[in-house]
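Have a look at the structure below before the remarks.
There are 2 protein chains.
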Amino acid sequence: MTLTGQSLIGAANVRGTNGAFHGVDARTGEALEPAFGGATQQDLERACALAESAFDAYRETSLEARAAFLETIGEQINAIGDALIERCMAETGLPRARIEGERGRTVGQLKLFAAVLRNGDFIDARVDPAQPERKPLPRVDLRLRNIALGPVAVFGASNFPLAFSVAGGDTASALAAGCPVIVKAHSAHPGTSELVGRAIQRAVQACGLPEGVFSMLFDGGLAIGQALVADHRIKAVGFTGSRAAGVALMKIANARPEPVPVYAEMSSINPVVLLPGALAARGAAIAQQFAASLTLGAGQFCTNPGLVLAVQGEALRTFEQAASAALANIGAATMLTPGIHANYCKGVERLAADPNVERLASGAQGGRFDAQAALFATTAEAFLAQPALRNEVFGPASLIVRCKDLGELHGVLKALEGQLTVALHLESADHEACRVLLPTLERKAGRILANGFGTGVEVAHAMVHGGPFPATTDARTTSVGSRAIERFLRPVSYQDLPDDLLPVALREGNPLGLTRRVDGVIHREGNRDD
Amino acid sequence: MTLTGQSLIGAANVRGTNGAFHGVDARTGEALEPAFGGATQQDLERACALAESAFDAYRETSLEARAAFLETIGEQINAIGDALIERCMAETGLPRARIEGERGRTVGQLKLFAAVLRNGDFIDARVDPAQPERKPLPRVDLRLRNIALGPVAVFGASNFPLAFSVAGGDTASALAAGCPVIVKAHSAHPGTSELVGRAIQRAVQACGLPEGVFSMLFDGGLAIGQALVADHRIKAVGFTGSRAAGVALMKIANARPEPVPVYAEMSSINPVVLLPGALAARGAAIAQQFAASLTLGAGQFCTNPGLVLAVQGEALRTFEQAASAALANIGAATMLTPGIHANYCKGVERLAADPNVERLASGAQGGRFDAQAALFATTAEAFLAQPALRNEVFGPASLIVRCKDLGELHGVLKALEGQLTVALHLESADHEACRVLLPTLERKAGRILANGFGTGVEVAHAMVHGGPFPATTDARTTSVGSRAIERFLRPVSYQDLPDDLLPVALREGNPLGLTRRVDGVIHREGNRDD
Chain Z
0 MTLTGQSLIG AANVRGTNGA FHGVDARTGE ALEPAFGGAT QQDLERACAL AESAFDAYRE
60 TSLEARAAFL ETIGEQINAI GDALIERCMA ETGLPRARIE GERGRTVGQL KLFAAVLRNG
120 DFIDARVDPA QPERKPLPRV DLRLRNIALG PVAVFGASNF PLAFSVAGGD TASALAAGCP
180 VIVKAHSAHP GTSELVGRAI QRAVQACGLP EGVFSMLFDG GLAIGQALVA DHRIKAVGFT
240 GSRAAGVALM KIANARPEPV PVYAEMSSIN PVVLLPGALA ARGAAIAQQF AASLTLGAGQ
300 FCTNPGLVLA VQGEALRTFE QAASAALANI GAATMLTPGI HANYCKGVER LAADPNVERL
360 ASGAQGGRFD AQAALFATTA EAFLAQPALR NEVFGPASLI VRCKDLGELH GVLKALEGQL
420 TVALHLESAD HEACRVLLPT LERKAGRILA NGFGTGVEVA HAMVHGGPFP ATTDARTTSV
480 GSRAIERFLR PVSYQDLPDD LLPVALREGN PLGLTRRVDG VIHREGNRDD
Chain H
0 MTLTGQSLIG AANVRGTNGA FHGVDARTGE ALEPAFGGAT QQDLERACAL AESAFDAYRE
60 TSLEARAAFL ETIGEQINAI GDALIERCMA ETGLPRARIE GERGRTVGQL KLFAAVLRNG
120 DFIDARVDPA QPERKPLPRV DLRLRNIALG PVAVFGASNF PLAFSVAGGD TASALAAGCP
180 VIVKAHSAHP GTSELVGRAI QRAVQACGLP EGVFSMLFDG GLAIGQALVA DHRIKAVGFT
240 GSRAAGVALM KIANARPEPV PVYAEMSSIN PVVLLPGALA ARGAAIAQQF AASLTLGAGQ
300 FCTNPGLVLA VQGEALRTFE QAASAALANI GAATMLTPGI HANYCKGVER LAADPNVERL
360 ASGAQGGRFD AQAALFATTA EAFLAQPALR NEVFGPASLI VRCKDLGELH GVLKALEGQL
420 TVALHLESAD HEACRVLLPT LERKAGRILA NGFGTGVEVA HAMVHGGPFP ATTDARTTSV
480 GSRAIERFLR PVSYQDLPDD LLPVALREGN PLGLTRRVDG VIHREGNRDD
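Chains Z and H supply the protein sequences, listed in that same order.
Per numbering that gives the first Met the number 0, residue 0 is the first one in the first sequence, and the count goes up by one each step.
Per numbering that gives the first Met the number 0, residue 0 is the first one in the second sequence, and the count goes up by one each step.
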């Protein structure tokens, strides 16, 4: 599997002529071969035209055909073997075990959506039968199903080069919904992207699907991604990355003659609340787990614990000392890119330079592009007075906010922007205090967890990886778990259509055996006669 | 029930001091008493503060309590009696039967959402139980439910003074979801709004709910509505009205530090496709139904058939003659406001002045503010060349587009913007032609209907009153039917929370008896042991 540096335009591999860029070895900063050609506007035009022409056929493929397609993608990814792991390790600086685990997660995610397809509930098939005898007016026959939105643009994320990238959750859920996908590959891992993109390309061919179901464009700059979001054929956008980039894409999408949804997962500092009972009972143990969560993947998780809230006092001092000691013992780790490393260093310097912020600990030093973990503390008063302290520092840095009491702690929570996660550390004695905080936490975060940390996002049916702005641009959605498919669907109602013109999912006799809602009540057809 | 002209700020009735305006008798253009005081920014601030403080308590009221509240609103509306009907007739020019029917629809809608609440499926309760033995890592316990978004701003519509206004579908679905509502009353029917608003206010009190659950503000201008959408406590917006106003509100909401969804139902010309078999078999009969649909409610339905597509020829000429004759026999009807009447006249004049447009028929003339129906025809070529011909003319005007063949007709459909409805008139012989058109129709419209007209929107579980932009700002949603509640919900995931801290909907043993999804599969708890 020699890398070519070519964009994938449907079944064709096309060398982009709009400049070129290289992947970079995260450890050394040196360029990796080959050069990747930047896609041209013509490449983009061709990819969009193919996606548009594939859409109607692809969205009406059978549930089984799409499920098999997703599974084939997973098989093709596994078939790349170690070449994928090694290239990905080089481009991201992440260790083998992490990349192998992420590959398993990516393939598992594709399988989850295959199961979602075979289950079919996402179609939300509904039948309100006609009532010709109704007075004063007869009732028409109404049937509803969800259909795919249209071609979707997906932006690969730097921090999950497999699970949130070319064949990641956005792509898997959009393809499951019936949407062709055009990926703008992340320029931080172009080789990984090419390998995975070609796996999808092979799966499209193996499954006999229209070539426009998948394309992938390389670009070292911003122009192609922006043009993609602006293109009238793109009907939704999936993105994981920085707040600035996500908001920029949202603005482009909103300014279109036909605005379209942008699902951007952006910025979160993931508050950790240490309740008094838990802090007193096992502060040192929590500190160990905290240090491990903070430094996992060089602190480059969206759900990294960037903020710790607790009531000041002896127990918090114990926690701070234990966390500081633990951080000093954790080795430094390479960051994803030299640019991310530089930004991290700047963020840490800004905190260190703040007269209201105390530096509690620094992690071990390492290589040139390794992140040195950092732990800071401040008062609730200072934190509330300085909105800049609420900004995410992407990497293994965290800020402890010492609160006078639980009331002040609650006030800090209320002042926060939207979050992906909030973690509560609690004992039985803390339940009453938690009950007071929970309504605020529900309004702030997509996921609330007890006695754990947000790093580690289970791919499941009850997962929400989302949250109010700026955690995401759309708090009504999740980018992980089976509900992610809902982002790429819209309902269509059919009134009095002859049965043979209805979509199969809605025909009399329920030929697909779907769970349908009849007059608002869920049941499997046939059950009525059982 | 004397009208006071006061805004309703929670339980208080407050005379706005920011200018004043009157309702207007639609037939005569004369001012109706009393004057309505324009709400001040202080009034707005107070309403938002009350809604914010009511939110956490209100959203956790029991399903039964919210269902009873919605039913009480319906009872209170009915209890107003004839005073509501008469004021509404005066302010809108709509006839008694229509207003009485709309009141029934409004109360029915409240009952539908009471049933949706008692059913509980909208919570989407999900449980993925812990798997402590799972390798390599144990699985956490994850549970998910939908919660209310937060306080919602609702803008009453001029054309449905009851069903899409103060206690209309937006308010009913938002209140059902658990969102406090602040209505900006439509200045075209302030007296109707005050009567209905006070009915809701009484229901809040009768049900012992926090007063901030409902407020209503009057304003003769735009400032209060715009400030409402910009307020940080408002988390979603429901709107039915013009494209310009809906887009303006969307822009305000997108420009907020925390952007929020705007559900604006705006502009649709609702294409009617007359297929050759149907046109030949019963063109004259369809023409009668068309004329009735076009002039229903003085043509002021969102789903009014503003565009007719057919293949040119003898059968179409027969249809045109029959429709023209039918229109001439239908009496003129008063429009909602003098301003809407003036805009309608301008729109008709623009069409009449177009050299590529032929005027086929005019309806009967009537009073000063009555709409004179108008039927025009043009060629597909001219229609495709002039985008302005695709603009909605709000009122009983329609444009027939004569196509050379079905291919050209398909091209016209592809060139259209998003629509609320598309109507197909077909016979068995037309099914093949329909099959070719359907993929395009699904992409263009929220509802596809056969052998009928879009006017008449059933309040049902399988209804979609929505569609791609500019029919609405969010094609993923419907503003009519039980799925309308989804607009005001977002999912929250709970990980490893102790049972007594979980929301009741997610606790062990399923105390609410909800249909829950366990590991992705729907079932009622207890069924496993049956």
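Yeah, the Cβ is synthetic: ideal placement off N, Cα and C, and Gly gets one too.
Straight-line CA distance for residue i to residue j?
i	j	result
Asp218(H)	Ser481(Z)	44 Å
Gln40(H)	Ile251(H)	17 Å
Leu2(H)	Ile98(H)	19 Å
Leu383(Z)	Glu391(Z)	15 Å
Glu74(H)	Phe213(H)	17 Å
Asn442(H)	Pro131(Z)	Strictly speaking, residue 442(H) in this sequence is Arg, with Asn absent from that position. Each residue's Cα considered, the two are about 29 Å apart.
Val261(H)	Ala235(H)	6 Å
His231(H)	Ala46(H)	13 Å
Ala10(Z)	Gly211(Z)	8 Å
Phe54(Z)	Gln204(Z)	16 Å
Phe534(Z)	Val115(Z)	Within the shown structure, residues of chain Z are numbered from 0 to 529, placing residue 534(Z) beyond reach of any answer.
Val310(Z)	Val272(Z)	9 Å
Asn12(Z)	Pro160(Z)	21 Å
Thr336(Z)	Lys413(Z)	34 Å
Arg58(H)	Ser52(H)	11 Å
Taking Cβ-Cβ distances shorter than 7 Å, what residues in chain H pair up with residue i?
i	result
Met462(Z)	Leu141, Ser492
Thr477(Z)	Pro490
Asp518(Z)	His460
Asp55(Z)	Pro438
Which residues bound the beta strand (DSSP E) around residue i?
i	result
Asp127(H)	125-127
Cys402(H)	396-402
Glu264(Z)	261-264
Arg489(Z)	488-494
Val236(Z)	235-239
Can the beta-carbon of residue i be found closer than 8 Å to that of residue j?
i	j	result
Cys178(Z)	Ala67(Z)	no
Val435(H)	Leu308(H)	no
Ala34(H)	Gly80(H)	no
Asn145(H)	Pro510(H)	no
Ala376(H)	Ala331(H)	no
Glu70(H)	Gly22(H)	no
Leu532(Z)	Gln200(Z)	In the structure displayed, chain Z extends from 0 to 529; residue 532(Z) sits before or after that span and is not available.
Which chain H residues are close to residue i, counting only those with a beta carbon under 8 Å from its beta carbon?
i	result
Phe163(Z)	Those do not exist, as Phe163(Z) stays about 18 Å from chain H at its closest Cβ, beyond 8 Å.
Run through chain H and tell me which residues come within less than 9 Å of residue i, C-beta to C-beta.
i	result
Gly445(Z)	Arg489, Pro490, Val491, Ser492
Cys433(Z)	Leu496, Pro497, Leu500
Glu257(Z)	Glu416, Gly417, Pro467, Phe468, Pro469
Ala449(Z)	Tyr493, Gln494, Asp495, Leu496, Pro497, Leu500
Starting from residue i, trace the alpha helix (DSSP H) in both directions and tell me its first and last residue.
i	result
Val246(H)	242-253
Thr60(H)	Run containing Thr60(H): none; DSSP gives neither H nor E here.
Asn225(Z)	The question names Asn, yet the displayed sequence has Gln at residue 225(Z). Start and end: 222-229.
Glu85(H)	81-91
Lys443(H)	430-443
Ala113(Z)	95-118
Lys345(H)	337-352
Taking residue i as the query, report the chain Z residues whose CB atoms sit under 7 Å from its CB, ordered along the chain.
i	result
Glu441(H)	Ile146, Val491
Leu408(H)	Those within 7 Å of Leu408(H) in chain Z number zero; the least Cβ separation is about 17 Å.
Ala459(H)	Asp127, Leu141
Asn253(H)	Asn253
Decide if residue i is buried, meaning its Cβ has at least 16 other Cβ atoms within 10 Å, or exposed.
i	result
Leu532(Z)	This structure gives no information on residue 532(Z), because the portion of chain Z shown stretches from 0 to 529.
Ala175(Z)	buried
Glu313(Z)	exposed
Name the chain Z residues that come within less than 8 Å of residue i, Cβ to Cβ?
i	result
Ala474(H)	Leu148, Arg489
Ile437(H)	The question names Ile, but residue 437(H) in the sequence shown is Leu. The answer, in chain order, is Leu500.
Ile521(H)	Asp120, Thr514, Ile521
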